[in-house]
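Trainee:
Protein chains: 2
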Amino acid sequence: MAAYCPRYQRAIEMIGRRWSGAILRALITGTTHFADLARTVPGMSDRLLSERLKELEAEGLVVRTVTPSTPVRIEYTLTPMGQALLTVVESIAGWAETYLEVEPAAT
Amino acid sequence: MAAYCPRYQRAIEMIGRRWSGAILRALITGTTHFADLARTVPGMSDRLLSERLKELEAEGLVVRTVTPSTPVRIEYTLTPMGQALLTVVESIAGWAETYLEVEPAAT
Numbered sequence: 018m019a020a021y022c023p024r025y026q027r028a029i030e031m032i033g034r035r036w037s038g039a040i041l042r043a044l045i046t047g048t049t050h051f052a053d054l055a056r057t058v059p060g061m062s063d064r065l066l067s068e069r070l071k072e073l074e075a076e077g078l079v080v081r082t083v084t085p086s087t088p089v090r091i092e093y094t095l096t097p098m099g100q101a102l103l104t105v106v107e108s109i110a111g112w113a114e115t116y117l118e119v120e121p122a123a124t
Numbered sequence: 018m019a020a021y022c023p024r025y026q027r028a029i030e031m032i033g034r035r036w037s038g039a040i041l042r043a044l045i046t047g048t049t050h051f052a053d054l055a056r057t058v059p060g061m062s063d064r065l066l067s068e069r070l071k072e073l074e075a076e077g078l079v080v081r082t083v084t085p086s087t088p089v090r091i092e093y094t095l096t097p098m099g100q101a102l103l104t105v106v107e108s109i110a111g112w113a114e115t116y117l118e119v120e121p122a123a124t
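Spelled out as structure tokens, the structure:
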């Protein structure tokens with residue numbers, strides 16, 4: 018493994034951007050609707066979620082599907098490239114569960 | 018896997034902070050000296066490297082060892098908790114190699 022790799026750097030910046038990791042985790046666990054995604058991450062504004070979803074779409078990780086029903090149904094799902102992040106999310110989650118302590122919720 | 022986990026969120030923020038992922042990768046591949054770490058990441062200033070190393074030390078991922086030789090030798094190595102990130106770094110690197118294209122260097 019080389020000490021530095023631009024692709025690794027780009028990947029970590031995509032995943033590490035504020036809330037992107039949490040949104041990807043929520044999508045991986047099967048959350049597809051905007052309102053449900055918004056509820057998943059405490060403290061994330063709708064505006065930021067919308068921005069992040071657009072970025073993830075532009076990066077080829079997420080697909081936005083619009084069903085022309087009444088009301089219109091909008092769903093966000095992972096592309097195969099996005100689904101492949103499951104191993105990354107799992108390895109981070111496993112490390113966090115082993116090494117990080119649970120902090121009391123901020124009051 | 019829960020849709021949201023504060024420990025996962027903390028882990029991803031630790032790793033995803035600008036240059037932290039690259040510094041961790043350099044440490045994992047056996048780079049220990051400040052000057053070598055600084056050379057590893059193109060575009061990272063010494064001041065920022067110093068700041069990130071202090072953060073990684075405070076988070077328990079990195080140990081700073083000072084050998085009182087002439088000149089003084091300072092080495093940075095990973096703690097067991099830091100070394101355990103190898104699986105995370107490898108999973109991100111593997112994903113990046115599979116899904117991200119090599120971009121031409123910025124001119």
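Chains A and B supply the protein sequences, listed in that same order. Taking my numbering, I'd label the letters of the first sequence as residues 18 to 124. Taking my numbering, I'd label the letters of the second sequence as residues 18 to 124. Just so you know, even glycine gets a beta-carbon here, dropped at the ideal spot from N, CA and C.
Within the 8 Å Cβ cut-off, does A:V79 reach chain B?
Mentor: Position 62 of the first sequence, counted from the first residue, corresponds to residue 79 of chain A. Not closer than 8 Å to any Cβ of chain B, the Cβ of A:V79 fails to qualify, so no.
Trainee: Would you decide whether B:V119 is buried or exposed? Buried here means 16 or more other CB atoms lie within 10 Å of its CB.
Mentor: Sequence index remark: in the second sequence, residue 119 of chain B carries index 102 (1-based). Exposed, because fewer than 16 other Cβ atoms sit within 10 Å of the Cβ of B:V119.
Trainee: DSSP has A:E92 in a bridge; who is on the other side?
Mentor: As a working note, residue 92 of chain A is residue 75 in the first sequence. DSSP, once it has assigned bridges, lists A:T82 as partnering A:E92.
Trainee: Using a Cβ cut-off of 7 Å, pull out every chain A residue sitting near B:Y116, in sequence order please.
Mentor: One-based indexing of the second sequence puts residue 116 of chain B at position 99. Chain A residues near B:Y116: M98, A101.
Trainee: Using only the heavy atoms of the ligand ZN, determine whether one of them is closer than 7 Å to the beta carbon of A:Y21.
Mentor: Here there are no bound small molecules, and the ligand ZN is not part of this structure.
Trainee: Taking beta-carbon pairs under 7 Å, can you tell me which members of the segment 44-63 of chain B lie near chain A?
Mentor: So the close ones are T46, T48, T57, V58.
Trainee: Taking C-beta pairs closer than 7 Å, name the residues in chain A that B:R24 reaches, listed in chain order.
Mentor: On the second sequence, position 7 is the one that residue 24 of chain B refers to. Ordered by position in chain A, the residues that pass the 7 Å Cβ test against B:R24 are A113, E114, L117, V119.
Trainee: Below 6 Å CB to CB, which residues in the same chain sit around A:V80 once its five sequence neighbours on both sides are set aside?
Mentor: Taking the first residue of the first sequence as 1, we reach residue 80 of chain A at position 63. Correct list, in chain order: T94, T96.
Trainee: Is the segment 52-64 of chain A close to the segment 48-55 of chain B, with three or more CB pairs under 8 Å?
Mentor: Verdict: no, contact absent.
Trainee: What residues from chain A crowd round B:S108, counting only those whose CB sits closer than 7 Å?
Mentor: Residue 108 of chain B sits at position 91 when you count from the first residue of the second sequence. Near B:S108 (Cβ distances below 7 Å), the residues of chain A are T104, V105, S108.
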